[in-house]
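Have a look at the structure below before the remarks.
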Amino acid sequence: MKILFPMERNSMKQHWLGIMTLSAVLKKGGFQTEVVVAEEEIVLEKIKNNEPTILAYSTPTFLAKFNIEFNLKIKKRFKDVFSIFGGPHATYYPEMIENEGIDAICVGEGEGAIHDLATNIANGLPVTDIKNLWVKENGKIRKNPLRPLVENLDNLPYPDRDIFIPYQSKNPLASIWTMSARGCPYKCTYCFNHSYNKLYQEQGYSAVKVRRRSVDNFIGELIEYKKRWPATYFIFVDDIFVLMPEWIKEFSEKYKKLVDIPFVCHVRANAVNNEVISEIKKAGCTLIKMGVEAGNDHIRKEVLKRNMSKDLIVNAAKIIKDNGIKLFTFNVLGVPSSTIDNDFETLALNAKCKADYATTFIMRAYKKTEIYEFSRKKNLLHEEFIEDIADTQNIFFSSPITLNPKDARLLENLLYLFSISVKFPWIVPLVRRLLIKLPLSKVYQLIFTNHYRFIKLLYSPKKFERIYLYLDSVIKI
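Here this note's numbering is used: the first residue of the sequence shown is 1, the next is one more, and so on.
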C-alpha cells in the first residue's frame with residue numbers, strides 16, 4: 001500500500017520536515033510513500049498505476065484552499081481513495097473536515113495517528129476510533145481524543161529525505177534543515193505554541209515542555225546527511241536552539257569533531273549570553289536568526305507578550321556580532337492597535353542592533369491565537385481575513401486589519417523598504433517623509449526582492465564559491 005503526499009508545485013522548494021518524518025514512520029512500518037506534484041493529471045496517473053490507498057495533505061493555512069480544492073477534484077474521480085489533512089490548519093481549523101471530499105483530519109502530532117490509519121486500512125479494520133483523528137463516516141464526524149505527545153524524540157526515525165530526491169536533484173539545495181527539539185516555553189500571542197499547549201491541557205495533559213533529542217541522536221542524523229547529501233551548511237529550525245546550556249556544550253564539542261559544517265540557528269534574545277554564543281561559534285555557527293518583532297515597548301510587551309527590554313535585545317545582538325556571527329532578525333509590521341510610527345520604532349531598533357538583514361512580515365492573526373482574540377474583541381479584523389490567509393496569493397503582503405487604502409499602501413511600502421533602510425539608516429528620513437507615501441509599490445517590491453536575493457547570495461557559501469570561481473576564471477582570461 002502506498003501513501004501519496006500531494007504538494008503544490010512552488011511549495012516543494014521548502015523543507016517539509018513534517019512530511020519527511022511521517023514518511024520515515026510509515027516506511028518503518030512497511031508502507032510505501034511518495035511525494036507528488038499536486039497537478040491533476042500527475043496524481044491521477046499515480047493512482048491508476050500504483051493504487052495508493054491514502055492521500056495525505058500537509059496543510060499550513062496558506063495552502064488550505066489549494067489543497068481542499070485539489071483533493072475534491074481527485075475524489076470525484078476516485079471516491080475510494082482515503083484523504084487525510086494534517087498540519088497547522090487541520091489542528092486549529094478542524095472544522096475543515098466538513099468540506100466535501102475530506103475523509104479525516106489529524107489534530108496535533110501525526111506520527112502515531114498516520115501509522116495507525118495506514119495499518120488499519122491495510123488490514124481492513126475500522127479507522128473511526130484512532131486518537132488524534134476526526135473521521136467522517138456516513139455524513140457523521142467522529143472526534144477522537146488526543147494521544148500523548150511523543151515524549152522521547154529519539155524513538156522517531158530520522159526524517160526521510162529520500163522522498164524529496166526526485167525534486168531536489170532538479171533544484172539542488174545548499175542547505176539541509178532539521179531540528180533537535182520540539183516546543184517552546186514562551187507565550188507570544190501570535191505564535192501557535194501557546195494554543196498548542198492549551199489544546200493538550202484541555203484534554204488533561206500537563207503543560208507541554210520542550211522535548212529535546214539526545215546529542216548523540218541528533219549528531220548521528222547530521223553525520224548521515226553529511227555522508228549522503230552535498231550540503232554546505234545546516235539550518236537548525238528549533239524555536240530556540242540555545243536552550244539547555246549543558247546540552248549546547250556537549251553538542252558543540254561533538255559537532256565540531258564529528259560534523260564540522262557551518263550552521264544557522266534560531267535564538268531568543270533573553271536566552272543569549274556570551275558563554276552559549278561562544279560555544280556555538282566554536283562549533284561552526286555562522287548566522288543567527290533572532291526575533292526583534294516590535295520596537296515599541298507597549299506593543300512588544302503587552303500586545304505580543306514578549307517581555308524583553310530594548311536594551312536586552314540590543315545587548316543580545318551585540319554579543320552575537322562580537323562573536324563574529326551574522327545576525328538576521330524577524331519583525332512584524334501592522335500589529336493590531338499599532339501605528340506606522342510604531343513600525344518605524346521597530347526599524348530603528350533593528351538599526352541599533354546592526355542587523356545584517358531584517359526580515360519583515362505583516363502580522364498574521366491566526367485563529368485560536370491570543371492576537372486573533374485580541375483583534376476580534378476590538379473589532380479590527382476585516383470579514384475576508386480567514387479566506388485571505390487560506391490563499392497563497394495573499395499570505396505575506398496583505399493585512400488582516402481593516403485599513404483605509406492610504407494606510408494599507410504605507411504599510412506595504414514600508415514592508416518593502418524595511419530591510420534596506422535597516423542596512424542604510426541614513427535613508428530613513430527620506431523613506432518616512434516621502435517614499436512610503438508614493439504609489440510605487442511595484443518598484444519597491446523589486447528593490448525588496450533584489451536586496452533579499454543579494455543577501456542570500458552574500459551569505460550562501462555554495463553560491464559564493466560559484467561566483468568566486470567564475471570571477472577567477474574571467475580574471476585569468
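Heads up, the beta-carbon is just placed ideally off N, CA and C, and yes, glycines get one too.
From a predicted model like this one, the values you see are computed outputs, not experimental measurements.
Top-ranked residue by Cα proximity to residue i, from the options
i: Ile313; options: Glu302, His298, Ala294 and Arg211; result: Ala294
i: His194; options: Leu438, Glu370 and Lys13; result: Glu370
i: Leu4; options: Glu34, Lys226 and Met12; result: Glu34
i: Ser23; options: His115, Ile97, Ile42 and Lys13; result: His115
i: Lys352; options: Asn273, Leu380, Ala316 and Gly334; result: Ala316
i: Lys140; options: Ile68, Ile121, Glu100 and Glu246; result: Glu100
i: Ile280; options: Glu302, Tyr57 and Glu253; result: Glu253
i: Tyr200; options: Glu302, Gly108, Asn49 and Ile165; result: Gly108
i: Arg300; options: Phe263, Arg182, Phe448 and Glu345; result: Glu345
i: Ala122; options: Asp154, Ile54 and Glu69; result: Ile54
i: Gly18; options: Ser83, Pro88 and Ile74; result: Pro88
i: Tyr255; options: Phe218, Phe424, Glu246 and Gly183; result: Phe218
i: Arg161; options: Glu151, Asn152 and Thr178; result: Thr178
i: Tyr93; options: Val335, Thr61 and Asn307; result: Thr61
i: Gly29; options: Lys65, Ala113, Met308 and Leu430; result: Ala113
i: Met244; options: Cys184, Asn152 and Leu438; result: Cys184
i: Arg77; options: Pro230, Lys318, Glu40 and Lys27; result: Glu40
C-beta atoms of residue i and residue j nearer than 8 Å
i: Asn323; j: Ile277; result: yes
i: Gly284; j: Ile261; result: yes
i: Pro148; j: Tyr205; result: yes
i: Ala118; j: Met1; result: yes
i: Ile325; j: Leu287; result: yes
i: Lys321; j: Lys354; result: yes
i: Ala365; j: Tyr372; result: yes
i: Val127; j: Asn138; result: no
i: Ser337; j: Lys367; result: no
i: Leu258; j: Ile340; result: no
i: Met96; j: Ile68; result: yes
i: Leu435; j: Asn413; result: yes
i: Thr360; j: Leu380; result: no
i: Leu156; j: Val25; result: yes
i: Arg268; j: Ile240; result: yes
i: Lys136; j: Ile84; result: no
i: Val431; j: Ser419; result: no
i: Val208; j: Tyr190; result: no
i: Leu347; j: Val428; result: yes
i: Phe448; j: Tyr416; result: yes
i: Met20; j: Ile130; result: no
i: Ile319; j: Asn274; result: yes
Limits of the unbroken beta strand (DSSP E) element including residue i
i: Thr359; result: Tyr357 to Ile362
i: Gly86; result: Phe82 to Gly86
i: Lys2; result: Lys2 to Met7
i: Val37; result: Gln32 to Val37
i: Ile105; result: Ala104 to Cys106
i: Glu137; result: Leu133 to Glu137
i: Arg142; result: Lys140 to Lys143
i: Leu55; result: Ile54 to Ser58
i: Ile176; result: Ser175 to Thr178
Span of the alpha helix (DSSP H) around residue i
i: Tyr186; result: Element bounds for Tyr186: n/a, residue is neither H nor E.
i: Phe344; result: Ile340 to Cys353
i: Ile505; result: The displayed coordinates of the chain run from 1 to 477. Any statement about residue 505 would go beyond what the structure contains.
i: Lys423; result: Pro405 to Lys423
i: Thr21; result: Leu17 to Lys28
i: Ile68; result: Ala64 to Arg77
i: Ala122; result: Glu111 to Ala122
i: Arg161; result: Taken as a continuous stretch (DSSP letters only), Arg161 belongs to no alpha helix (DSSP H), as it is neither H nor E.
i: Arg433; result: Val428 to Arg433
Cβ separation of residue i and residue j, assumed to be a contact under 8 Å, to the nearest whole Å
i: Val237; j: Val272; result: That pair is no contact at about 18 Å.
i: Ala104; j: Thr59; result: Rounded, the Cβ-Cβ distance is 12 Å, inconsistent with contact.
i: Leu327; j: Cys188; result: With a Cβ gap of about 20 Å, Leu327 and Cys188 do not count as contacting.
i: Val43; j: Met12; result: Actually they are not in contact, since the Cβ atoms of Val43 and Met12 sit about 14 Å apart, beyond 8 Å.
i: Asp512; j: Arg213; result: Coverage of the chain is limited to positions 1 through 477, which leaves residue 512 absent and any answer about it impossible.
i: Tyr158; j: Glu221; result: 5 Å
i: Val215; j: Phe251; result: 5 Å
i: Phe330; j: Lys289; result: 7 Å
i: Ile176; j: Tyr225; result: 5 Å
i: Val150; j: Glu111; result: 6 Å
i: Val106; j: Leu63; result: Note that residue 106 corresponds to Cys in the displayed sequence, not to Val. Contact flag wrong, Cβ pair sits at about 15 Å.
Complete runs of the alpha helix (DSSP H) confined to the segment 197-238 [at least 4 residues]: 215-228
Complete runs of the alpha helix (DSSP H) confined to the segment 254-332 [at least 4 residues]: 274-283 and 310-322
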